Amino acid sequence: MRVACPGSFDPITLGHLNIIERSAALYEEVVVLVTYNPSKSGMFNADERVELISSVVSHLSNVTVDTWSGLLVDYTTAHDIPVLVKGLRSSLDYEYELPMAQMNKRLSGVETNFLMTDPELGYISSTLCKEVAKFGGSLDGLLPPVVVDALLARLRQ
Ligand code: PNS
Numbered sequence: 257m258r259v260a261c262p263g264s265f266d267p268i269t270l271g272h273l274n275i276i277e278r279s280a281a282l283y284e285e286v287v288v289l290v291t292y293n294p295s296k297s298g299m300f301n302a303d304e305r306v307e308l309i310s311s312v313v314s315h316l317s318n319v320t321v322d323t324w325s326g327l328l329v330d331y332t333t334a335h336d337i338p339v340l341v342k343g344l345r346s347s348l349d350y351e352y353e354l355p356m357a358q359m360n361k362r363l364s365g366v367e368t369n370f371l372m373t374d375p376e377l378g379y380i381s382s383t384l385c386k387e388v389a390k391f392g393g394s395l396d397g398l399l400p401p402v403v404v405d406a407l408l409a410r411l412r413q
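The sequence shown runs 257 to 413 under this note's numbering.
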């Protein structure tokens with residue numbers, strides 16, 4: 257089965273990567289889909305996010321990366337993707353994800369499968385990582401090294 261892992265990925269974290277790796281072990285094909293979230297402003301543009309993700313999933317032969325700026329379900333319908341996979345860190349994520357999963361199901365029939373985030377990664381978010389970086393905190397164990405470099409370079413600009 258082909259599935260999509262959609263998200264903003266601004267930038268990809270080790271939490272995202274863990275969900276992608278586990279999805280790649282469960283499903284035949286995984287499309288990591290950089291999707292536009294109208295309620296978030298970005299640090300990296302879509303092409304930069306795709307480049308960073310591509311560099312950290314290169315060891316996963318059944319994972320591809322794509323970008324989409326329209327309705328998520330239009331992409332999944334056009335690409336014969338019956339299932340979305342997302343990570344759940346906490347009940348806050350559940351409250352945020354449930355209406356999206358239900359709306360996507362209503363719009364197109366696409367199902368959403370949730371993987372529970374591994375506990376040691378449960379507090380990691382792109383937003384918090386960017387904030388830690390802005391104030392000079394350590395990003396060790398939060399982001400892949402190539403992403404740390406890109407984030408620090410962006411902040412120096
Ligand atoms: O990583 P995020 O920001 O929590 O991911 C949310 C995302 C990008 C998956 C969501 O905003 C989305 O699906 N955007 C595409 C537009 C869309 O389909 N909106 C309706 C969602 S029910």
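Beta carbons are placed, not taken as given, at the ideal position from N, Cα and C, and that holds for glycine.
What you are looking at is a predicted structure, and each value in this text was computed from that prediction instead of being measured.
Residue i, enclosing beta strand (DSSP E) - first and last residue
| i | result |
| --- | --- |
| T323 | 319 to 324 |
| G233 | This structure does not reach residue 233, given that the chain is present from 257 up to 413, and the question cannot be answered. |
| T291 | 285 to 291 |
Per-residue DSSP class, three states only, for residue i
| i | result |
| --- | --- |
| G263 | strand |
| T368 | strand |
| L384 | helix |
| T269 | coil |
Whole-number beta carbon distance between residue j and residue i, since they are thought to touch under 8 Å
| i | j | result |
| --- | --- | --- |
| V288 | R258 | That belief does not hold up - the Cβ atoms of V288 and R258 are roughly 12 Å apart, past 8 Å. |
| I276 | V319 | 6 Å |
| A260 | T368 | Actually they are not in contact, since the Cβ atoms of A260 and T368 sit about 10 Å apart, beyond 8 Å. |
| L408 | F370 | Not confirmed; about 32 Å, so no contact. |
| L377 | K390 | Actually they do not touch by this definition, with Cβ atoms about 21 Å apart. |
| A406 | L273 | That belief does not hold up - the Cβ atoms of A406 and L273 are roughly 14 Å apart, past 8 Å. |
Same chain only: Cβ atoms within 6 Å of residue i, ignoring 5 sequence neighbours per side
| i | result |
| --- | --- |
| S264 | N293, K296 |
| L316 | A280 |
| T291 | P262, W324, L328 |
| E285 | R258, N318 |
Beta-carbon contacts of residue i that lie in its chain and below 7 Å, excluding the five residues immediately before and after
| i | result |
| --- | --- |
| V404 | L395 |
| L398 | T269, L270, I380, C385 |
N-terminal and C-terminal residue of the alpha helix (DSSP H) that residue i is part of
| i | result |
| --- | --- |
| E307 | 302 to 312 |
| K361 | 347 to 364 |
| L411 | 401 to 412 |
| T333 | 328 to 334 |
Under 8 Å between C-beta atoms of residue i and residue j
| i | j | result |
| --- | --- | --- |
| P400 | V341 | no |
| F300 | D349 | no |
| V321 | V306 | yes |
Own chain residues within Cβ distance below 8 Å of residue i, not counting five before or after
| i | result |
| --- | --- |
| G393 | none |
| I337 | R258, V259, A260, V287, Y331, V366 |
| E351 | none |
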